[in-house]
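Right, one structure below, let's go through it.
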Amino acid sequence: MPDTAIADTFTVTPIGNGFGAEITGIDLAQASDEELAALAKIYRSGSVMAIRGQTLNPDELVRFCQTLGTMENHTREQFTLPGYPTIYVLSNKEVDGRKIGVHRDGLGWHSDGTYLAEPLDTTVLYALEAPPEGGNTMLADMHSAYEALSDAEKAELDQIQSLHSFVFLIGQLDPQAQSVVTEDQKRRAPDVVHPLVLERENGARSLYLSSGSIREFVGQDPEASRQRVRDLIAHSTRDEFVYNHKWEVGDILLWDNRYSLHRATEYDDKAYTRLVYRLWVNGETGLAA
Ligand SMILES: [Fe+2]
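Per this note's numbering, residue 64 is the first one in the sequence shown, and the count goes up by one each step.
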C-alpha cells in the first residue's frame, strides 16, 4: 500500500476513537505533494488533526491549506493579515496602539459558519505565539456523541431540521449589535436550514449544533428548541468526547466543523501573548489521493 509507505515518513498517533490524529516528524514547508495528499487523506478519515513543530511563512501556510480544498475569505477584513485575505488573526497583541487581531473569540462551544448556506468545512489554526498555560482549544467529537444517544432519541433527532440565523447569532453574542445589523448584511446572510444530524459518505452520523446560531427547530417552539440545543451540547461535550489541545508554538490544528464542536479556553492575557492565524477551507481534498 503506497499510503503506508508515505505515512512511514511521519508519525501518526490517533486522537480519540476515530476522531482524528496527531502528526509529528513532518515539515510541511518541505513536504512532497504525495505526503500532503497522504495527510489530507488521514485528516478526511477523521474530523481533527494536530500537526506539531511547523515553521511556516504565510505563503507556505496557504499552500498547505490549499491541499485540503478551496480557501474562504473572512468577513471582518480589518483583522486579516495585510496582503492575505484568507488569513484571520487571533491575538491579544497591539502594534503601534492598534489591535492586530480578534481577542476573546469563541469561548463557548460552537461550530464555525453554521449560518452559511453550505456548512463550513474546515478551520485551520496555526500558532506563532502561545501562552504557557491556558488558551487551549477543545474539540468535541459529535459522531461519538451521536452514537452514545439512545436509538429512540437518534430516530427523533434524525428527523429535525434546524434554522440557523446569522442575525440571531450576532444578537446572542452582543445584544446591542443586533439592532445595527444592516439590511444589506441580512440580505447577504439569510437564515438557512440544516439537518440536526449530518451523515458522511461512509454513513457515519454526527450531531450538527452550535451555541447561539440555532434560532429554532423547524416547526417547534423556539425556546424549547434552544433548550434542547443546550442539553445536546452539554451531552456532547462530556470529557469522554473531548480532545483538549494544549498549544505549543508551531502547532497546526485543523478540524471539520460539520462533525465537531470547539471552544477556546481563557488565559492570562496580561501576562502572556497569543498569536494564532485562522484559515477557512471548503471542499474535499484538492490533491489526488
Ligand atoms: Fe470558532
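Every residue, glycine too, gets a C-beta built ideally from N, C-alpha and C.
Around the Cβ of S108, a 10 Å sphere holds fewer than 16 other Cβ atoms; the residue is exposed. In this structure S274 does not touch A203 by the C-beta definition: roughly 12 Å separates them, more than the 8 Å allowed. Counted as a single uninterrupted DSSP element, the stretch harbouring E216 is not any beta strand (DSSP E) but the alpha helix (DSSP H) occupying residues 214–220. The way I'd put it, the segment 322–340 doesn't touch the segment 217–234; fewer than three beta-carbon pairs between them come closer than 8 Å. In the three-state reduction of the DSSP assignment, H308 falls in the strand class, which pools E and B. Sixteen is the threshold: when 16 or more other Cβ atoms of the shown chains lie within 10 Å of the Cβ of G83, as they do, the residue is buried.
Secondary structure of H298 (DSSP, three-state): helix. Excluding its 5 nearest sequence neighbours in each direction, Q283 has no C-beta neighbour in its own chain below 7 Å. Buried is the label assigned to P182, since at least 16 other Cβ atoms lie within 10 Å of its Cβ. Non-local C-beta neighbours of L261 in its own chain, meaning closer than 6 Å and more than five positions away in sequence, comprise S269, Y271, R321, ordered along the chain. L188 is the residue among A297, R337, Y209, L188 whose C-alpha sits nearest the C-alpha of Q117. Within the same chain, and ignoring the five residues on either side of L226 in sequence, the residues whose Cβ sits closer than 8 Å to its Cβ are D254, V255, V256, I277, R278, E279, F280, V281. Sorted by position in the chain, G169, D175 make up the residues whose C-beta lies under 5 Å from a heavy atom of ligand 1.
Of L102, H137, L119, the smallest CA-CA separation from M112 is found for L102. Judged by DSSP secondary structure, G83 falls within the beta strand (DSSP E) whose first and last residues are 83–87. Just measuring C-alpha positions, the residue of A267, T74, D159 sitting nearest I89 is T74. Per the DSSP secondary-structure output, Q224 pairs in a beta bridge with P258.
In the DSSP assignment, T200 is bridged to H308, A327.
The distance from the Cβ of Y335 to that of P194 is about 3 Å, consistent with a contact at the 8 Å cut-off. With respect to G169, R326 sits close: the two C-beta atoms are nearer than 8 Å. It is roughly 19 Å from the alpha-carbon of I78 to the alpha-carbon of W172. Rounded to whole angstroms, H137 and Q235 show a C-alpha spacing of 20 Å. Three or more beta-carbon pairs separated by less than 8 Å are not found between the segment 137–154 and the segment 200–217, which leaves the two stretches without contact.
If you draw a 10 Å sphere on the C-beta of E135, you find 16 or more other C-beta atoms in it, and that means buried.
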